[in-house]
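**Q** Residue numbers (our numbering), protein chains in the order written: chain R, 647 to 758; chain W, 43 to 164.
Quick reminder that beta carbons are idealized off the backbone N, C-alpha and C, glycines included.
These numbers were taken from a predicted model, which means no experiment stands behind them.
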Amino acid sequence: TQLLEQSPQFLSIQEGENLTVYCNSSSVFSSLQWYRQEPGEGPVLLVTVVTGGEVKKLKRLTFQFGDARKDSSLHITAAQPGDTGLYLCAGVYAGNNRKLIWGLGTSLAVNP
Amino acid sequence: DTEVTQTPKHLVMGMTNKKSLKCEQHMGHRAMYWYKQKAKKPPELMFVYSYEKLSINESVPSRFSPECPNSSLLNLHLHALQPEDSALYLCASSQPPLSGTGASGASYNEQFFGPGTRLTVL
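1. So, is the C-beta of Thr143(W) closer than 8 Å to a C-beta in chain R?
2. Starting from the Cα of Glu45(W), find the closest Cα among Ser136(W), Tyr150(W), Glu86(W) and Leu130(W) and give me that residue.
3. Grouping DSSP H, G and I as helix and E and B as strand, with all else coil, what is Asp729(R)?
4. I want to know whether the stretch 46-54 of chain W touches the stretch 97-112 of chain W - three or more CB-CB distances under 8 Å.
5. Near Val738(R), which residues of its chain fall below 7 Å by C-beta distance, leaving aside the five closest residues on each side in sequence?
6. Sort Ala73(W), Cys133(W), Ile98(W) and Val102(W) by Cα distance to Asp127(W) and report the nearest one.
7. Excluding sequence positions up to five away, which residues of its chain have a Cβ less than 6 Å from the Cβ of Leu668(R)?
8. Write down the C-beta distance between Gly712(R) and Leu734(R) rounded to the nearest angstrom, noting that I regard them as a contact closer than 8 Å.
9. What residues in its chain sit with their C-beta under 7 Å from that of Gly142(W), if we drop five residues either side in the sequence?
10. What residues are listed by DSSP as bridge partners for Asn742(R)?
11. According to DSSP, simplified to helix, strand and coil, what is Leu665(R)?
12. For Lys716(R) and Pro689(R), I'd like the C-alpha separation in whole angstroms.
13. So, does the CB of Gly741(R) fall closer than 8 Å to a CB anywhere in chain W?
14. Taking 8 Å as the CB-CB limit, is Leu87(W) close to chain R?
15. When Cβ atoms are compared, which residues of the stretch 149-160 of chain W fall closer than 8 Å to chain R?
16. Just to confirm the assignment, what range does the beta strand (DSSP E) spanning Val693(R) have?
17. Short check: CB of Ala685(R) to CB of Pro727(R), under 8 Å?
18. Chain R beta carbons: is any one of them nearer than 8 Å to that of Pro167(W)?
19. Where does Pro125(W) fall in DSSP's three states?
20. Is Tyr150(W) helix, strand or coil when you go by DSSP?
21. Ends of the beta strand (DSSP E) at Ser753(R)?
22. List the residues of chain R whose Cβ lies closer than 8 Å to the Cβ of Pro139(W), in chain order.
23. Output needed in chain order: residues of the stretch 87-105 of chain W with a Cβ under 9 Å from some Cβ in chain R.
24. Do Leu650(R) and Gly749(R) have their C-beta atoms closer together than 8 Å?
25. Rounded to whole angstroms, what's the CA-CA distance from Gln683(R) to Lys60(W)? Just pull it up for me.
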């Protein structure tokens, strides 16, 4: 059973389009992180959300944590080819904070 | 620039070879991790060290042997690997997660990754 459901798994869009990636669970997380990974590199931490209802912005990226702390979303406005990569959500499960619970990832391709 | 470094960047080895992967972090973190990652999949946790002691082993086969010589270094010794072990091996570090809840960032287990070692087993 996948504790964190991430969707969509693959996304191919044109430059300038908007997109949203979702990370959902039936369990409560004490915090949720979003990472971005380029091919052949390690994941890079983008943001951590910790408070239910929290919204954080990072340039054209907007991150939201659900009120019940069971889901999160990543919205990219006016996507650019440089946004191409694997986006991963990872949560700290309230019952065990010693390891991250990972979503399956969203592979994003932004075409010029 | 990453503050977690990994060497080598690429490694090709035969099934009878012995090799080691190395990781070093300069962030003052006291928790370090080894992950294995297949293409377009999430990282799979292998080992966690906290304060230089092994705290999690995710039932990893004994052909993988971790070592944490000090708070900045983490090694992964490889012996008699199989072709299916070919993958990107990632090292990460964080502040050790605090037990229970708390306002400190240490309870959020924010991990910082190295660039990885691309391992190919022939």
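**A** Reading off the structure:
1. Per-residue confidence for Thr143(W) stands at a pLDDT of 45, beneath the threshold of 50, marking its modelled position as unreliable; the derived number appears in the next sentence. So, interface residue.
2. Ser136(W)
3. helix
4. no
5. Phe675, Ser676, Ser677 and Leu746
6. Val102(W)
7. Here residue 668(R) is Tyr; the residue named in the question, Leu, does not match the sequence. Excluding sequence neighbours, Tyr668(R) sits near Ser653 and Ser719.
8. Actually they do not touch by this definition, with Cβ atoms about 18 Å apart.
9. Note on Gly142(W): pLDDT 44, under 50, position unreliable in the model; the coordinate value appears next. Excluding residues within five positions, none has a Cβ falling inside 7 Å.
10. Tyr739(R)
11. strand
12. 22 Å
13. no
14. yes
15. Ser149, Tyr150, Asn151, Glu152, Gln153, Phe154, Phe155, Gly156, Pro157, Gly158 and Arg160
16. Val690 to Val695
17. For clarity, residue 685(R) is Pro in the given sequence; the question names Ala instead. Contact: no.
18. The question about residue 167(W) has no answer, for chain W in this structure spans 43 to 164.
19. helix
20. helix
21. Thr752 to Asn757
22. Val738, Asn743 and Arg744
23. Leu87, Val90, Ser92, Ser97, Ile98 and Glu100
24. yes
25. 29 Å
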